[in-house]
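One structure is given here, and the rest of the page talks about it.
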Amino acid sequence: MDEFGVSVKLIMLVLNHGLGVAQLTDKSIIIIGAGLGGLATGCYGQMNGYKAKLFEMQDKPGGVCVSWQRKGYSFDYAIHNVFGVSTNPAYKTIYTQIWQELGALRETEAYSFKEFVQVEDSSGKTLTVYTDLNKLEQHLKELSPADSKLIEEFVKAAKQFAGHDLFSAMTGGVGAKLKMLPLMGSLVKYSKIALRDYGQQFTDPFLRKAFPTIQYDIQEAPVLIPLIFLSVQSKGDGGWPIGGSMAFSRNIERRYLGLGGEISYRAKVKKIIVRDGKAVGVQLEDGSEHFADIVVSDADGYSTIFSMLDGKYVNETINAYYKAYWKMQPFGLEVWYGVAMDLQGEPHAIVRFLDQPITIEGIARDRLDIEVFNFDPTIAPKGKTVVKVVFDSNYDYWNQLAANSESYRAEKQKVADQIAEQLEKRFPGFQKNLEATDVVTPVSALHWTGAYRGCQAWGAPKEYQKEVAKNGVSKTLPGLENFYMVGQWAGGTIGLSTVSLMGRDLIRELCKKDGKKFHTST
Numbered sequence: 247m248d249e250f251g252v253s254v255k256l257i258m259l260v261l262n263h264g265l266g267v268a269q270l271t272d273k274s275i276i277i278i279g280a281g282l283g284g285l286a287t288g289c290y291g292q293m294n295g296y297k298a299k300l301f302e303m304q305d306k307p308g309g310v311c312v313s314w315q316r317k318g319y320s321f322d323y324a325i326h327n328v329f330g331v332s333t334n335p336a337y338k339t340i341y342t343q344i345w346q347e348l349g350a351l352r353e354t355e356a357y358s359f360k361e362f363v364q365v366e367d368s369s370g371k372t373l374t375v376y377t378d379l380n381k382l383e384q385h386l387k388e389l390s391p392a393d394s395k396l397i398e399e400f401v402k403a404a405k406q407f408a409g410h411d412l413f414s415a416m417t418g419g420v421g422a423k424l425k426m427l428p429l430m431g432s433l434v435k436y437s438k439i440a441l442r443d444y445g446q447q448f449t450d451p452f453l454r455k456a457f458p459t460i461q462y463d464i465q466e467a468p469v470l471i472p473l474i475f476l477s478v479q480s481k482g483d484g485g486w487p488i489g490g491s492m493a494f495s496r497n498i499e500r501r502y503l504g505l506g507g508e509i510s511y512r513a514k515v516k517k518i519i520v521r522d523g524k525a526v527g528v529q530l531e532d533g534s535e536h537f538a539d540i541v542v543s544d545a546d547g548y549s550t551i552f553s554m555l556d557g558k559y560v561n562e563t564i565n566a567y568y569k570a571y572w573k574m575q576p577f578g579l580e581v582w583y584g585v586a587m588d589l590q591g592e593p594h595a596i597v598r599f600l601d602q603p604i605t606i607e608g609i610a611r612d613r614l615d616i617e618v619f620n621f622d623p624t625i626a627p628k629g630k631t632v633v634k635v636v637f638d639s640n641y642d643y644w645n646q647l648a649a650n651s652e653s654y655r656a657e658k659q660k661v662a663d664q665i666a667e668q669l670e671k672r673f674p675g676f677q678k679n680l681e682a683t684d685v686v687t688p689v690s691a692l693h694w695t696g697a698y699r700g701c702q703a704w705g706a707p708k709e710y711q712k713e714v715a716k717n718g719v720s721k722t723l724p725g726l727e728n729f730y731m732v733g734q735w736a737g738g739t740i741g742l743s744t745v746s747l748m749g750r751d752l753i754r755e756l757c758k759k760d761g762k763k764f765h766t767s768t
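So the working numbering is basically just the index in the sequence shown, starting at one, shifted up by 246.
Written out as structure tokens, the structure reads:
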């Protein structure tokens, strides 16, 4: 889970123009799910006098922000480039503030990247997207002097964005939005063209092929998104917390518990209890019932709305959203390797075009989206490295296979072997030094997180995009009082920073409703 969702929300806003001691309260909050949205809600609730109790179906916090061990290697599921994780103490945004308030980086160092991604083809040509914008401009012009004008315009826009706090457009008032007026031309221009189409403006054949893949190989992404990432990373932000997802989540869990919050693990919520149109508590799978003044769900949206609440509190937007799931899910298939090789000096992110396509899920794949975790000494034993390869994936394909456990395991192994053969060409000696492997499919994600079809939140149907950009998909539900949702499904967007901000915003809104001043502490 990266910060892609923050950028998507900013695009929609463009298109639509659109510290102290907490006061005491008698109100209590039950929070379903210990993902970052739920943990943030609990932390800010405790800071403001609300008594929070979290119920989490798994045995650890984080939701999708999680990692696990295989033979001494740590396989990390979620984190890519996190807004607010910065090595530049002078760079301040709402997200650097949130992580400080949540203790997410307490005793944890941040690492910033010198390149966003490196794109390679089989002939040896290489595009390195440096986070140093001057270096990036020089490199692009060396690759294609004929495209100098287009290159200069792209880098100029990134530098322009780097001079402003873009995130104030999402979190500030009218004054903050007025400060964005000088950027409106570039914001609108680059939000309306996809990387796939933008790449065709290059005259150089390699850049025409390579440039559309620079944003996690999501070629449908608007050009504005990598521009935002580069603007942030040029300032030392958008980095990696040393220790990865599990350390990050555990830090916030410690903050929550230190504030007096309670949490129950292996406690799956079966039903949300409703009386007289008000959410009053939850029933767990063990039959026990727990009550509170306010109920907040950071669980899977479909499960919350259509199972825990029996689909009784929906509207046209919610129904349309869940019917519009993407059949091919970005980041849906993830394959990890623990390899006894020191890959220091390699880029942390590589898109590699293949000599010949390989077939996965019956689809010809002509490139690999590779992550090399050579920058975090906690991820693998000394002299060894974790490598991850990511593809978009179809839930139905894997769900049908999962009906037969032997076939399911065999197909996962086949995929892992195919990819390892390709990685051998890029990293000679890879196969003989391979020590650990794991494959996560959409079925795996469904099992762990409960996420509908093993998906991350997807974009809303076109006719509902303005409404979702303004109000989210299901931050509240029609006809149900004292109930709120946070997290990716509430907002219809992804990103660790985004969902944590939702928790903060919710508690601020509750304080306003209860006539209290909103407090934070560090």
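The beta carbon of each residue, even a glycine, is placed where N, CA and C say it ideally should be.
On a predicted model such as this, the values are computed, not experimentally measured, just so you know.
Check: Beta strand (DSSP E) runs wholly inside the stretch 256-339, at least 3 long, in chain order; Outcome: 274-278, 297-301, 313-316 and 319-322
Check: Under the three-state DSSP convention, the category Ile740 falls into; Outcome: coil
Check: Status (buried if at least 16 other CB within 10 Å, exposed otherwise) for Thr768; Outcome: exposed
Check: Close beta carbons around Ser394, own chain, < 7 angstroms, minus the five adjacent residues each side; Outcome: Lys387
Check: Distance between beta carbons of Val542 and Val528, contact taken as under 8 angstroms; Outcome: Between Val542 and Val528 the Cβ distance is about 11 angstroms, and since that is not below 8 angstroms, they are no contact.
Check: Buried or exposed by the 16-neighbour rule on C-beta atoms within 10 Å, applied to Asn380; Outcome: exposed
Check: Neighbour-count burial assignment, Leu680, 16 or more Cβ in a 10 Å radius; Outcome: buried
Check: Stretch-stretch touch, CB-based, cutoff 8 angstroms, three pairs: the stretch 329-340 with the stretch 473-485; Outcome: yes
Check: Buried or exposed (CB count within 10 angstroms, at least 16 for buried), Glu755; Outcome: exposed
Check: Cβ-Cβ separation, Asp322 to Ser332 (assumed contact under 8 angstroms), whole Å; Outcome: With a Cβ gap of about 19 angstroms, Ser332 and Asp322 do not count as contacting.
Check: Through-space distance from Glu383 to Ala656, alpha-carbon basis; Outcome: 46 angstroms
Check: Paired residues, beta bridge with Ile460 - DSSP; Outcome: In DSSP, Ile460 forms no bridge with anything.
Check: Nearest-angstrom Cα separation, counted from Phe599 out to Tyr654; Outcome: 27 angstroms
Check: Any C-beta of chain D under 8 angstroms from that of Leu476; Outcome: Absence of chain D from the displayed structure is noted, only one protein chain being present.
Check: Segment contact flag, the stretch 423-434 with the stretch 406-413, C-beta cutoff 8 angstroms, min 3 pairs; Outcome: yes
Check: Three-state secondary structure assigned by DSSP to Thr377; Outcome: coil
Check: According to DSSP, residues forming a beta bridge with Gln646; Outcome: Partner(s): none; Gln646 has no beta bridge.
Check: Minimum C-alpha distance to Leu348 - residue among Val560, Asn497, Ile509 and Pro335; Outcome: Asn497
Check: Residues bridged to Ser543 [DSSP beta-bridge criterion]; Outcome: Ile278 and Met731
Check: Where Val714 sits in the DSSP three-state scheme; Outcome: helix
Check: Cross-strand partners of Ile609 (DSSP beta bridge); Outcome: Ile606
Check: Simplified DSSP assignment, three categories, for Ile474; Outcome: helix
Check: Of the residues Ser390, Met574, Ser510 and Thr631, the one placed nearest Gln304, counting alpha carbons only; Outcome: Ser510
Check: Contact check, Ala283 vs Asp544, beta carbons under 8 angstroms; Outcome: Per the sequence presented here, residue 283 reads as Gly, with Ala not at that position. Going by C-beta atoms, Gly283 is nearer than 8 angstroms to Asp544.
Check: Beta-bridge partners of Gln575, as assigned by DSSP; Outcome: Ser639
Check: Cutoff 6 angstroms; reference Trp582; Cβ partners in own chain excluding five residues on either side; Outcome: Phe321, Lys634 and Asp684
Check: Cβ-Cβ distance between Tyr787 and Lys273 below 8 angstroms; Outcome: Not covered by the structure: residue 787. The range shown for the chain is 247 to 768.
Check: Cut-off 6 angstroms between Cβ atoms - residues of its own chain near Gln269, not counting five sequence neighbours on either side; Outcome: Any answer about Gln269 is weak, because its pLDDT of 48 lies below 50 and its placement is not dependable; what the coordinates show is given next. Result list for Gln269: Gly295 and Lys762, in chain order.
Check: Within 8 angstroms, strictly: CB atoms of Ile604 and Gln664; Outcome: yes
Check: Ser620 vs Gln590 beta-carbon contact at 8 angstroms; Outcome: Strictly speaking, residue 620 in this sequence is Asn, with Ser absent from that position. Yes, Cβ-Cβ distance for Asn620 and Gln590 is below 8 angstroms.
Check: Sufficient close CB pairs (3 or more, under 8 angstroms) joining the stretch 461-469 to the stretch 439-446; Outcome: yes
Check: C-alpha distance - Gly738 paired with Arg699, whole-angstrom precision; Outcome: 15 angstroms
Check: Coil, strand or helix - Ala570 by DSSP; Outcome: coil
Check: Under the three-state DSSP convention, the category Glu755 falls into; Outcome: helix
Check: Pairwise C-alpha distance: Gly330 and Gly484; Outcome: 6 angstroms
Check: Where Glu191 falls: helix, strand or coil (DSSP); Outcome: Residue numbering for the chain in the displayed model covers 247 to 768; residue 191 lies beyond these limits and cannot be assessed.
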